[in-house]
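J.: The structure's right below; bear with me while I get my questions together.
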């Protein structure tokens with residue numbers, strides 16, 4: 001847990017009991033539709049967490065030994081994790097996991113190689129209890145709303161079950177259409193066909209394809225979605241005069257790599273235009289080069305810790321989109337970067353000008369005490385606070401959600417106490433900003449007000 | 001106002017009463033030649049300040065409502081500004097404007113939506129008083145010298161009037177020839193012709209064009225100019241063996257984009273060579289991509305908050321220039337960046353080697369408490385302090401000049417107190433450096449000693 | 001000397017007496033094979049130190065006046081240095097030299113223009129004493145191991161003499177084959193021929209060339225080398241299917257610049273594969289653009305302060321190498337950058353995934369209090385501490401070695417005390433990490449355990 005003192009402590013206290021607004025993350029909606037208990041400590045804390053297993057892999061632990069791409073005794077996996085617990089000194093993973101063990105699971109014994117079995121047993125005993133099933137935890141965590149991230153081709157059956165059921169938790173989908181927009185995706189052709197089948201639109205024509213996208217957006221919105229999400233390695237947007245022709249080349253498999261990139265750049269603008277129409281907030285997560293380790297991809301699949309950030313040019317990359325729709329007061333776009341040099345250089349000046357832009361919180365590797373400090377240091381003086389989008393936990397580790405929001409709120413308090421100390425503004429303004437940064441800005445940026 | 005404590009306070013006290021040296025900015029020389037009163041609070045504090053109106057625009061306020069590109073009641077504009085005052089929390093604009101209201105205009109009431117009318121009235125009452133006319137404020141601000149920035153085609157009539165008049169204030173021009181050097185400028189051809197008319201040189205030939213530039217530089221110098229200023233988005237310099245031929249292609253309108261870039265790169269070297277001859281200090285402001293919002297440019301014109309920084313490669317970009325004249329002890333070039341990643345990586349090592357180079361102060365978005373802290377953190381260990389160029393206020397908001405120098409001096413004091421605290425050097429050295437950073441380095445870098 | 005307080009002081013005290021492990025630097029092995037006294041204070045402290053003379057050159061002091069490329073009275077050189085001592089305020093050079101004068105040479109008088117002669121005399125008197133000869137200082141400095149950096153074509157005679165002699169100091173070579181791997185080197189062709197002569201291999205064939213490289217690596221390893229070192233401006237690695245053909249084009253002098261770059265990219269992968277075989281740790285120092293000042297290069301030669309960093313793309317640049325050998329548990333590669341924006345964006349995520357990668361310490365311009373603080377701030381949260389390679393002094397200034405390690409250990413203590421203060425971990429963990437960062441991580445990363 002991040003320790004605080006004086007004014008920071010007081011500012012934090014003013015936010016700690018506020019509800020959790022989680023507008024972007026990767027929880028599985030099935031957890032909440034079925035409310036089945038979590039399986040075991042390794043499946044809960046180690047195997048699905050790429051922050052954890054990538055670090056062990058970096059120090060020579062085979063992924064198979066962690067139950068990834070292979071069967072493994074969960075207790076043995078947990079012991080192996082505990083044996084390498086020192087690797088996490090100084091990382092947010094350690095802070096989050098300590099928070100989960102102590103505050104969520106009530107285990108006072110510190111994790112160590114020696115305590116691995118005891119802690120494994122205590123977690124396992126908790127997981128079978130009703131008060132540790134997903135819905136009970138959701139309520140105990142005081143989650144006001146939780147957005148998942150769902151493929152454009154997802155049938156949203158779990159979201160429908162939640163919506164139609166008696167449970168009152170607000171779990172909403174997010175429209176993530178990369179697979180049907182980005183021709184670099186190996187499955188693009190098949191995805192387009194499936195999109196046609198799902199929607200009943202004729203995706204053999206560009207107009208039908210657009211109509212299918214509109215149909216799916218509406219289906220997501222009907223289940224509570226307020227946002228879309230888009231991933232792109234090299235930011236590029238460009239309005240094509242004849243996208244129909246290129247769409248047909250893509251369907252015939254005769255488009256060049258450059259044309260594929262242009263098409264995706266065009267489709268991001270189409271998405272922005274649809275956002276103007278239907279009000280869905282557009283998220284763009286840029287600059288992650290995916291699957292850089294070919295052997296790991298081939299053997300273990302995606303999301304195995306080998307996605308590495310690259311430098312991003314937001315200014316030239318977004319010009320096509322912004323110059324077409326960026327002045328529209330209905331549009332809202334939230335930008336996420338892993339290239340921190342763009343915070344002060346590009347994103348803060350852009351968000352401090354364009355009415356449609358908000359800067360997303362520190363993402364992935366930078367959702368951490370020093371990362372958050374660098375973020376505020378870089379963006380606030382140019383963009384102010386009201387062009388920020390509050391916090392995302394962005395996690396697939398459900399138990400870590402309170403830990404991540406808590407770390408954010410503590411780090412916000414440290415930042416704001418520093419501002420008060422430097423004379424930037426007074427304590428009253430800081431108290432209000434602390435609450436805005438904890439919940440209101442996220443509600444506002446994502447149009448989540450009930 | 002930035003609050004200080006202990007040693008920082010003492011270091012600041014040693015500099016606060018020093019005169020203001022303002023070697024680069026965008027004040028209008030007509031203010032000082034005519035000494036007419038400022039019009040009204042909105043025209044003084046809101047309408048000309050792109051830091052202010054871009055932030056309001058980013059939160060959905062139409063520029064027309066702020067009296068930009070449209071008529072608006074200044075009191076209504078001021079109310080609208082006050083209604084959005086919370087947007088500026090954490091920004092230097094808020095610090096500057098608070099300083100202006102309190103220290104320059106003597107208004108103790110804090111700005112808020114409720115106090116907008118009262119403050120508007122009090123400012124308006126001040127502006128009609130003789131002691132709030134430009135020359136009186138110039139003297140009260142204790143400005144030793146103020147440089148404006150003037151087109152190469154400017155007739156400098158206001159500067160002549162100041163020079164020939166009885167008033168003793170030192171207001172000097174700066175030679176800004178972008179429009180007659182950069183063929184990417186849409187007016188380039190017409191500008192060259194006008195340059196010929198103004199100077200009586202035959203700018204239909206390359207030699208006549210160079211002679212015209214020399215003539216204009218001399219005219220600026222005769223009115224006190226000690227510097228030139230050059231803007232470039234992508235830094236590139238390259239010595240051409242036959243610039244005459246390319247010049248003729250440009251005049252005939254048949255040069256490619258690449259050739260235009262090469263020509264501007266050549267002309268920057270010509271400027272450096274003329275600087276060796278006439279001693280004018282060369283400023284290069286690089287990496288701002290201008291007018292990225294086409295609709296705002298078309299509707300409202302330039303300088304409306306849509307200039308956004310991009311990444312810069314100073315090393316390869318300046319090689320042509322430096323390898324031609326960079327070892328000349330007569331040459332002085334001051335470099336300004338908006339890409340802070342270049343401070344430690346490129347500018348500090350370059351300024352720590354080349355005799356001609358100085359690093360300009362934090363520019364534009366980074367003229368702020370955290371921006372200044374990052375600047376010192378990034379440059380000093382490699383370049384030392386004596387390769388820095390002191391401070392620029394770089395403002396078109398005349399009233400904010402003391403506020404900006406004050407914020408710089410406070411931030412310098414915080415930095416130096418930190419150095420003393422860390423044991424980098426003692427208090428005596430810090431006191432001397434504080435004075436150098438406040439005034440001496442600017443005087444020295446810009447050759448402003450009287 | 002960097003001043004410390006409270007917990008930082010205590011953490012530093014736990015490391016100050018530890019031996020010095022110096023796995024990468026540029027000392028001359030002849031110093032230790034001959035044990036001849038150092039010549040004079042200027043030859044010791046000024047003339048060979050590019051950190052020092054580049055700063056004087058940047059402020060108008062001709063290199064000739066410093067005895068570079070010209071004869072100069074060492075006393076006059078030392079006076080000139082002292083006369084410009086104020087230029088070094090805020091730089092690590094000042095901290096190092098103050099440390100050398102006070103702690104190594106026992107001179108309490110502060111350096112100043114007035115004390116230059118006195119200090120010159122006192123140093124000169126020390127240098128003729130036996131206890132100031134290289135081996136005596138090596139022992140007094142408590143150096144456990146010192147690695148030099150040696151051309152692949154070096155006969156290693158001084159290393160052999162040290163190895164075969166009675167003196168017990170551990171001085172080891174490092175294999176630096178740039179000149180025989182990089183076809184951009186003007187001497188590449190001659191170097192290949194000489195490589196053939198030295199090894200008795202037929203370097204007219206690609207297989208013979210590879211065999212010659214293996215032979216030389218073995219010769220270095222036999223004299224204690226544990227590492228290789230590679231410099232590259234623009235990181236690029238690429239496995240060629242027919243390197244033999246390109247090798248012959250290179251020998252015939254008909255390869256393009258692009259092909260030369262490809263060949264070097266291929267050879268770095270060959271080096272990595274040889275490292276898998278022979279266990280030598282691979283160091284890559286990237287992103288320094290060498291000799292950017294053509295006149296200085298021509299007049300004074302290499303390493304004269306005009307090497308300037310440029311932006312680096314580690315992710316795409318290393319993909320060829322990593323996807324061929326990066327998952328091999330035998331491979332160890334240490335990466336050094338001068339582009340600090342790559343620490344958090346690229347190097348920490350890469351080192352936090354690939355088993356072969358470690359992040360080298362802050363290099364060159366960034367081996368300084370603020371540089372070290374930025375380094376820890378940027379890398380630890382993603383890579384942890386165990387993916388770091390400890391410290392390098394990387395110096396050709398032998399006397400500064402203790403100063404540099406001392407500054408590192410103080411800066412480590414400041415960082416760790418901050419972590420304890422923020423609640424990242426407890427004091428016991430910090431104490432252990434302090435020792436790891438001082439010596440163990442370097443021993444481990446470079447396989448220097450005895």
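Chains as they are written, first to last, in this note's numbering: chain A, 1 to 450; chain B, 1 to 450; chain C, 1 to 450. Note that CB positions come from ideal geometry on N, CA and C, so glycine has one too. The model shown is predicted, which means the values in this text are computed figures rather than measured ones.
#1: Exposed or buried, residue 329 of chain B, counting other C-beta atoms within 10 Å across all chains shown (16 or more means buried)?
#2: Determine, using beta carbons only, whether residue 58 of chain A comes closer than 8 Å to chain C.
#3: Do we get a CB-CB distance below 8 Å when we pair residue 55 of chain C with the residues of chain B?
#4: Would you check if the distance between the CB atom of residue 349 of chain A and the CB atom of residue 365 of chain B is smaller than 8 Å?
#5: Look at the alpha carbon of residue 446 of chain A and the alpha carbon of residue 346 of chain B, and state the distance between them as a whole number of angstroms.
#6: Residue 478 of chain B versus chain A: which residues are under 9 Å apart at the beta carbon?
#7: Which class does residue 282 of chain B belong to by DSSP, given the choice of helix, strand or coil?
#8: Can you tell me the Cα-Cα spacing of residue 39 of chain A and residue 47 of chain A, whole angstroms?
#9: What is the DSSP secondary structure of residue 68 of chain C, reduced to helix, strand or coil?
#10: Buried or exposed: which applies to residue 312 of chain B, given that a residue is buried once 16 or more other Cβ atoms fall within 10 Å of its Cβ?
#11: Show which residues of chain C have a CB atom less than 8 Å away from the CB atom of residue 148 of chain B.
#12: With distance defined between alpha-carbon atoms, name the residue in A/449, A/359, A/112, A/31 nearest to residue 161 of chain A.
#13: Closest to residue 241 of chain B by C-alpha separation, out of B/270, B/432, B/127, would be which residue?
#14: Measuring only the C-alpha atoms, how far is residue 246 of chain B from residue 352 of chain C?
#15: Quick one: what does DSSP say residue 272 of chain C is sitting in, helix, strand or coil?
#16: If you count every other CB in all the chains shown that lies within 10 Å of the CB of residue 304 of chain B, and 16 or more means buried, which is it?
#17: With 8 Å set as the bound, which would you pick, yes or no: does the beta-carbon of residue 308 of chain C sit closer than that to a beta-carbon of chain B?
#18: Name the DSSP beta bridge partners of residue 230 of chain A, please?
#19: Am I right that residue 58 of chain B and residue 387 of chain A are in contact with their C-beta atoms under 8 Å? What's the rounded C-beta distance?
#20: So which of A/157, A/109, A/119 has the shortest CA-CA distance to residue 28 of chain A?
#21: So, using beta-carbon positions, are residue 173 of chain B and residue 148 of chain B closer together than 8 Å?
#22: Can you give the beta carbon distance from residue 290 of chain C to residue 189 of chain C, rounded, assuming they're within the 8 Å contact cut?
#23: For residue 333 of chain A, which residues in the same chain have their Cβ closer than 6 Å to its Cβ, ignoring the five residues on either side in sequence?
#24: For residue 378 of chain B, which residues from the same chain have a beta carbon less than 8 Å from its beta carbon, with the 5 sequence-adjacent residues on both sides left out?
#25: Check whether the stretch 407 to 427 of chain A and the stretch 10 to 18 of chain A are in contact - that is, three or more C-beta pairs closer than 8 Å.
#26: Does chain B have any CB closer than 8 Å to the CB of residue 203 of chain C?
#27: How many Å lie between residue 142 of chain C and residue 217 of chain C at the Cα?
#28: Going by DSSP in three states, residue 20 of chain A sits in which element: helix, strand or coil?
#29: With a 10 Å radius around its C-beta and 16 neighbouring C-beta atoms as the bar for buried, classify residue 307 of chain A as buried or exposed.
#30: So residue 38 of chain B is in the alpha helix (DSSP H); what residue range does that whole segment cover?
#31: Chain A beta carbons: is any one of them nearer than 8 Å to that of residue 455 of chain B?
#32: Closer than 6 Å by C-beta to residue 92 of chain B: which residues in its own chain qualify, once you throw out the five before and the five after it? Chain order, please.
#33: Using a 10 Å radius around the Cβ and a threshold of 16 neighbouring Cβ atoms, would you call residue 110 of chain A buried or exposed?
#34: Pair every Cβ in the stretch 395 to 410 of chain B with every Cβ in the stretch 92 to 101 of chain B, then say whether three or more of these pairs are closer than 8 Å.
#35: Taking the alpha carbon of residue 236 of chain A as the point to measure from, which residue in A/265, A/411, A/184, A/219 has its own alpha carbon closest?
#36: How big is the Cα-Cα spacing for residue 125 of chain C and residue 299 of chain C?
T.: So, from the data block:
#1: exposed
#2: yes
#3: yes
#4: yes
#5: 39 Å
#6: Lying before the first or after the last residue shown, residue 478 of chain B is absent from chain B, which here runs from 1 to 450.
#7: strand
#8: 11 Å
#9: coil
#10: buried
#11: Ordered by position in chain C, no residue passes the 8 Å Cβ test against residue 148 of chain B, which lies about 30 Å from the chain.
#12: A/31
#13: B/270
#14: 52 Å
#15: helix
#16: buried
#17: yes
#18: A/284
#19: 6 Å
#20: A/157
#21: yes
#22: Actually they are not in contact, since the Cβ atoms of residue 290 of chain C and residue 189 of chain C sit about 19 Å apart, beyond 8 Å.
#23: 282, 356, 357
#24: 340, 343, 344, 348
#25: yes
#26: no
#27: 28 Å
#28: strand
#29: buried
#30: Careful: residue 38 of chain B lies outside any alpha helix (DSSP H) and carries neither H nor E.
#31: Absent from the model: residue 455 of chain B. The displayed extent of chain B is 1 to 450, so no value can be given.
#32: 368
#33: exposed
#34: yes
#35: A/265
#36: 33 Å
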